[in-house]
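Under UniProt numbering, the first residue of the sequence shown carries the number 1, and numbering increases by one thereafter.
We treat Cβ as the ideally placed atom computed from N, Cα and C, and that holds for glycine.
Notes follow the structure.
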Amino acid sequence: MAAIEAIQSEGTTPDDGVKADAQSPQTVACKQSVSEEEPRAFQSQSAPRHPEFSNPNVSFLSTQDSTNVSGDNLLCEIPNILTSQEAKNLVYSLDSGLLGREWALEGYDRQNRVQRYDAHADDSDSLDEDDNSNGEGLTERAFGWIFDRIVSNVSSRNKGCTMPILKHRPYEVIVTEHTPSSCRSVVDVFEQFRLCPCRQHNQQTQAKGDASQINQHNTCSCYVAQLTLINNAIQHIEKPQIRDLECWDVATPVELHSTEMTMEENGVLIKTGESLWNWRFRISDVEEKTPSNNGSGVLTGDSSDRNSDALSNEMKNLDPFDTTQKKKSWTRTKKLKELNRRSITISFRGIHPSPERTSTEDLIANAEFLAKQERLASRPLSELLTIVVTTSPIRSNPSTEMLEHTFETFQFAGDEFAFECKKVIVCDGCRVLEENGNAGSDTNAQPKIRIYANGKQNLRNGVATVDQSKKYNEFKASLHHLCEKANQDTRKSSFRNTQVVELKERHGYGFALRHALRHCVNTPYVCVIQHDRNFMRTTPVREVVDAIIRDPMQRIKYVGMSMRSNLMYYDIFSGKYGKRAIDEFKTLILRPKELCIGGNIYGPNGKSVETMPEPCVKNRSKTIETLRDTYRGSHQYLNHMEWVQSTKEEGNQRDDCQQLSLTPTLFWYDNTHIVETAHYRDFIFNPKYKMVARGGFVEDKLSPVITRNVERLGLTEGHRKFGCYLLDDHSGVYFTGHLDGGSYKTAHLYFERKNDESNT
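So, in structure tokens, the structure goes:
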């Protein structure tokens, strides 16, 4: 390949005497003392330590067997694998796409540009035999010569220290670009989520207590070798208490099990054994060697008289009101180009592929579980679902108009939902703002709190004036009267079978909901509704519950009813994350047979849109039609239509029904949703995980937790634990609306405001 020849044309071979540079200041102390020409190894006997490590006798990397000299349980660093010119040519080839790949964004929250190269099946799997296929595969042609040089350095300099032996060629090569912004993630991850086959065998035999089998199979030949280009990279490493994807507590003492180390430019860091499997890693920063080079050891054209400090000062001295934007843009571009704050790591991953997860590991559908499914599915909705409605002080109190309107829309979810299911109205407490400016509960004085000039914000934070508190008490009394009257009346009412729960102190939405789940809900599922969230049209609540019950993999734990802001969540996700994530996202979209509903109710031409109430806002009908037109051009709709077309070609699509979809989401919307009660009560509100804060909304703290979990474990595994989906019938219209309780005005408030305006 011409690109590879160009990379090596001005380089040197390992025999040309590539020597290590003088050691730059490292975050890691206590490297093994070797000569400059020898690779520096991090061994279990003399391991890298944090600069503040006070006990030199404690190994940074622990060892299982002192007789094991197969390269297990250590990190090895080899400097200057490439010359500066070779590195520069390689970076140019990567950026220019000369190696057959383009940069693609990957990751969640903080993203990196990545190129992936999979080794072909015809690549040799051993370095001990002639490689007849060398040069045939793209991976081998592009990176084989670098790997050969790494092996040559390891083999020729393996003197006097335990060095990792690279016994086979990498299965995959991953090129990752790191920038200061992408390094802000605080997530440390294992190099591999699943253990390789030999490690899995060790775990199984250790569990059985067969020591002879453990010794026989204790050699693991897996490795990860990381080559660093352009700039030094700072790698943070830590050891959790146990190797568990859900364990994030660092082993004690923390100062001996967490540190940072410098990955030197053009050098290689090799991980094997315990350092590979039992430690977590992340690139935490990019380190510039000097302010006057471009990271590859080559001085820039004018760096001798123009460094980054001068450019920074010039940026500060620019007139912010200057209309000549060209000067500012030119200076900024030149500054970024000269700083070149990025680092590239090329990871040669020689980890044996793990066997695919068997269906029995994911599928809980044994005879007992199937029987439980049938029992639940045959029960009426009123025995399966409890409706929890949360409310708090708002300006429209003591009027119950808004809550009555919300309850009236329950009929869109079916008569059984509206009239038979148990309902719990949780009235959150509030702190009363006295005339002297202090806030306290109705009974006990509380310390001073933050008071906002905006009355709406005060109410949102649970702070009410004496008058507002009085009106809120009248509102709660009216609620009790409404519910008692509905239970005594023979006419159907949505307030029938409703319990009103008053909290004495202010809990906030999240903890008020937690109180209801712990003390008022005894059904397997719960529908959570805020007092100002109403149904807009016919909604298949019973079918959603059936889909959750009959899901053989038990993936569905939360189903949110779509609202305007998340109607096209597929497009929100695809606009935020890269193609690799989108491809995986498509595989997580569920289309349960329970949500294949006939009657021409749902879908692009469904009648449910016609059941929407007459618009009380001018031009709302026109706005909805515009929204439907926008939806038909969205990726979410087009992806579904592709699925419909493919199923029709396969003969699996019924013409008399419309298939609704469950779109995975990484955001836990507090909007109307149906959840497994046990999932909410025992997992989401488990005090051990601290995923919900007192006084706040569930979505505020839980949604970042979901994103972080996906970043740690990957999209499929990270999302599986939370199992949250959004319902979409592909009509282009949302199921729920928002009355905005904070701004809701009754007719009385409207005329009161008009009178005030006329008087002024």
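Check: What are the boundary residues of the alpha helix (DSSP H) that residue 232 is part of?
Finding: Careful: residue 232 lies outside any alpha helix (DSSP H), inside the beta strand (DSSP E) at 232-238.
Note to self: Could you give the first and the last residue of the continuous alpha helix (DSSP H) run that contains residue 715?
What the structure shows: 715-720
Check: Alpha carbon to alpha carbon, how far is residue 386 from residue 735?
Finding: 19 Å
Check: Which two residues bound the contiguous beta strand (DSSP E) that contains residue 501?
Finding: 498-502
Margin query: Taking 8 Å as the cut-off, does the segment 222-230 touch the segment 347-354 (at least 3 CB pairs, one atom from each stretch)?
Written below: yes
Item checked: Nearest-angstrom Cα separation, counted from residue 270 out to residue 83 -> 19 Å
Note to self: Does the contact criterion of 3 or more C-beta pairs under 8 Å hold for the segment 695-704 versus the segment 553-573?
What the structure shows: no
Check: Which same chain residues, not among the five before or five after residue 740, have their C-beta less than 8 Å away from its C-beta?
Finding: 532
Checklist line | Residue closest to residue 432, alpha-carbon to alpha-carbon, out of 481, 255 and 505 | finding: 505
Item checked: residue 180, DSSP secondary structure in three states -> coil
Note to self: Quick check: residue 94 and residue 344, are their CB atoms within less than 8 Å of each other?
What the structure shows: yes
Notebook entry, point to check: By Cβ distance, which residues of its chain are closer than 7 Å to residue 286, with the 5 residues on each side in sequence left out?
Noted result: 178, 179, 180, 183, 231, 233, 341, 342 and 343
Check: Using the C-alpha atoms, what's the distance from residue 248 back to residue 541?
Finding: 37 Å
Note to self: When you compare the CB positions of residue 406 and residue 560, do they come within less than 8 Å of one another, or not?
What the structure shows: no
Notebook entry, point to check: Is residue 225 helix, strand or coil when you go by DSSP?
Noted result: strand
Note to self: Assuming residue 508 is part of the alpha helix (DSSP H), what are its boundary residues?
What the structure shows: 508-519
Next item on the list: State the Cα-Cα distance for the pair residue 187 and residue 711, rounded to the nearest angstrom.
Entry: 7 Å
Notebook entry, point to check: Comparing alpha-carbon positions, which option in 246, 98 and 117 lies nearest residue 688?
Noted result: 246
Checklist line | Helix, strand or coil at residue 247 [DSSP, three-state] | finding: coil
Next item on the list: Since I believe residue 731 is in contact with residue 602 (beta carbons under 8 Å), could you give me their beta-carbon distance rounded to a whole number of angstroms?
Entry: 6 Å
Margin query: Just verifying my parser: in three-state terms, what is the DSSP assignment at residue 733?
Written below: coil
Item checked: Assumed close pair residue 463, residue 423 - CB separation to whole angstroms, cut-off 8 Å -> With 8 Å as the limit, residue 463 and residue 423 do not qualify as a contact, their Cβ atoms being about 28 Å apart.
Next item on the list: Could you check the C-alpha separation between residue 713 and residue 147 for me, to the nearest Å?
Entry: 28 Å
Margin query: Using only CA atoms, which one of 428, 655 and 564 lies nearest to residue 599?
Written below: 655
Item checked: Contact under 8 Å by Cβ, residue 193 with residue 235 -> no
Note to self: At the level of alpha carbons, what is the spacing between residue 604 and residue 144?
What the structure shows: 53 Å
Item checked: Length of the line joining the Cα atoms of residue 106 and residue 113 -> 6 Å
Check: In three-state terms, what does DSSP make of residue 139?
Finding: helix
Item checked: Reduced DSSP category for residue 767 - H, G, I as helix; E, B as strand; rest coil -> This structure leaves residue 767 out entirely; the chain is present only between 1 and 760.
Next item on the list: Using alpha carbons as the reference points, say which of 677, 240 and 274 lies closest to residue 258.
Entry: 240
Note to self: Considering Cα atoms alone, identify which of 371, 722, 668 and 593 is closest to residue 658.
What the structure shows: 593
Notebook entry, point to check: Between residue 538 and residue 374, what straight-line distance do the alpha-carbon atoms span, to the nearest angstrom?
Noted result: 26 Å
Checklist line | Beta-carbon proximity list for residue 176, same chain, < 6 Å, skipping 5 on both sides | finding: 112, 114 and 345
Next item on the list: Please classify residue 622: does DSSP put it in a helix, a strand, or coil?
Entry: helix
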